[in-house]
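Sequential numbering from 496 applies to the sequence shown in the working numbering. Backbone N, C-alpha and C fix where the C-beta goes; we use that ideal spot for every residue, glycine too.
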Amino acid sequence: MKPDMTLIARRRALNTVMMALCVGAALVAVAVLALVLEKLVAAGASSLSPAIFTQGTPPPGSSGGLFNPILGSLMMTLVAVLTAAPVGVLAGTYLAEYGRSSKLGSAVRFLNDTLLSAPSIIIGLFIYGAMVVPQGHFSGWAGSLALALIALPVIVRTTEDMVGLLPDSLREAAVALGCPYWRVIVSVGWRAARPGILTGILLAVARVSGETAPLLFTSLNNQFTSTNMNAPIASLPVVIFQFAMSPYEDWQTLAWTGALIITAGVLVLNVTARAITSRNMHQ
Numbered sequence: 496m497k498p499d500m501t502l503i504a505r506r507r508a509l510n511t512v513m514m515a516l517c518v519g520a521a522l523v524a525v526a527v528l529a530l531v532l533e534k535l536v537a538a539g540a541s542s543l544s545p546a547i548f549t550q551g552t553p554p555p556g557s558s559g560g561l562f563n564p565i566l567g568s569l570m571m572t573l574v575a576v577l578t579a580a581p582v583g584v585l586a587g588t589y590l591a592e593y594g595r596s597s598k599l600g601s602a603v604r605f606l607n608d609t610l611l612s613a614p615s616i617i618i619g620l621f622i623y624g625a626m627v628v629p630q631g632h633f634s635g636w637a638g639s640l641a642l643a644l645i646a647l648p649v650i651v652r653t654t655e656d657m658v659g660l661l662p663d664s665l666r667e668a669a670v671a672l673g674c675p676y677w678r679v680i681v682s683v684g685w686r687a688a689r690p691g692i693l694t695g696i697l698l699a700v701a702r703v704s705g706e707t708a709p710l711l712f713t714s715l716n717n718q719f720t721s722t723n724m725n726a727p728i729a730s731l732p733v734v735i736f737q738f739a740m741s742p743y744e745d746w747q748t749l750a751w752t753g754a755l756i757i758t759a760g761v762l763v764l765n766v767t768a769r770a771i772t773s774r775n776m777h778q
């Protein structure tokens, strides 16, 4: 039976068109990212110096750095990750091991997906009403809790996916050796899923590192260097927002430099996460 040459030619033409569209879309995405990076480097690299990491934010018309907002962001992000990671790993493990077909597991999964897609400003408003208003003041703890709620669903989803990929044969082999099921999860499930769980935590850090809206309602800002988490504390995204909206050119330049620092940090976290995932796939 002779092939239909017209049909073959049509399929080849369609394949060529779709391939060209996919390549074009990829090039557009890469070009947009390249333009953003080019603008950040051009506008922010000129002020990048050791003083950025050692001096506090300056008043208009004077020199300074971004030490206090960088310190505040690191502190709140660290507290947020230390809060969200254990809860997220345990919740994700429950969904993967016990909640596959249960009603409770379906409800938890639905609520987690809803929280994952919720706008960050909604989470900021919730923490403002639940914590800031009763306390009567803004604080770094409130900002950390808001960031933790943003990071939590990312860690839950990643942990569930990674633990769920474990073959049932490994679980059955461990149970056959007499291991209790909690030991199977800890010694087999978590050990096999460790690179994926770590990747999820790094992606959660990247997710919260640039959040501004929730911090405006929770930690607000502080012009001075402070490590008191029970008081308003500076953060890099909020300072970038404040300086970018100001009429002072030196503040605007610092805002571009802060944006470059956040972008570089997020890029490093994403590259690290992909490297961990790639290494795990080749083992």
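Spatially closest choice to residue i from the options, by CA coordinates
| i | options | result |
| --- | --- | --- |
| residue 535 | 774, 753, 670, 765 | 753 |
| residue 651 | 604, 686, 632 | 604 |
| residue 544 | 554, 558, 532, 533 | 558 |
| residue 737 | 547, 510, 555, 525 | 555 |
| residue 564 | 685, 635, 641, 647 | 635 |
| residue 734 | 724, 726, 746, 725 | 746 |
| residue 743 | 553, 669, 600, 769 | 553 |
| residue 574 | 741, 525, 642 | 642 |
| residue 773 | 677, 690, 762 | 690 |
| residue 692 | 649, 519, 622 | 649 |
Whole-angstrom distance between residue j and residue i, CA atom to CA atom
| i | j | result |
| --- | --- | --- |
| residue 560 | residue 540 | 13 Å |
| residue 570 | residue 721 | 10 Å |
| residue 630 | residue 624 | 10 Å |
| residue 703 | residue 749 | 21 Å |
| residue 496 | residue 507 | Residue placement at residue 496 cannot be trusted, given a pLDDT of 49 that sits under 50; the coordinates are not used to answer. |
| residue 618 | residue 572 | 16 Å |
| residue 808 | residue 577 | There is simply no residue 808 to check, as the chain begins at 496 and stops at 778 in what is shown. |
| residue 770 | residue 760 | 15 Å |
Cβ shell of residue i (< 8 Å), same chain only, five flanking positions each side left out
| i | result |
| --- | --- |
| residue 502 | none |
| residue 670 | 676, 679 |
| residue 594 | 600, 601, 603, 604 |
Same chain only: Cβ atoms within 6 Å of residue i, ignoring 5 sequence neighbours per side
| i | result |
| --- | --- |
| residue 586 | 651 |
| residue 653 | 695 |
| residue 705 | 732, 757 |
| residue 546 | 560 |
| residue 640 | 622 |
Close beta carbons around residue i, own chain, < 7 Å, minus the five adjacent residues each side
| i | result |
| --- | --- |
| residue 562 | 548, 549, 550, 551, 720 |
| residue 513 | none |
| residue 765 | 701 |
Chain B within 7 Å of residue i, Cβ atoms only
| i | result |
| --- | --- |
| residue 695 | Among the chains of the structure shown, chain B does not appear; only one protein chain is present. |
Inset, instruction - Pick out the complete alpha helix (DSSP H) segments inside the segment 504-552, 4 residues or longer, and give them in chain order. - result: none
Inset, instruction - Could you tell me which uninterrupted alpha helix (DSSP H) segments, each at least 4 residues in length, are contained entirely in the segment 702-756, listed from first to last along the chain? - result: 708-713, 731-739
Legend entry - Minimum length 4: unbroken alpha helix (DSSP H) runs contained in the segment 633-697: 635-659, 663-671, 676-679
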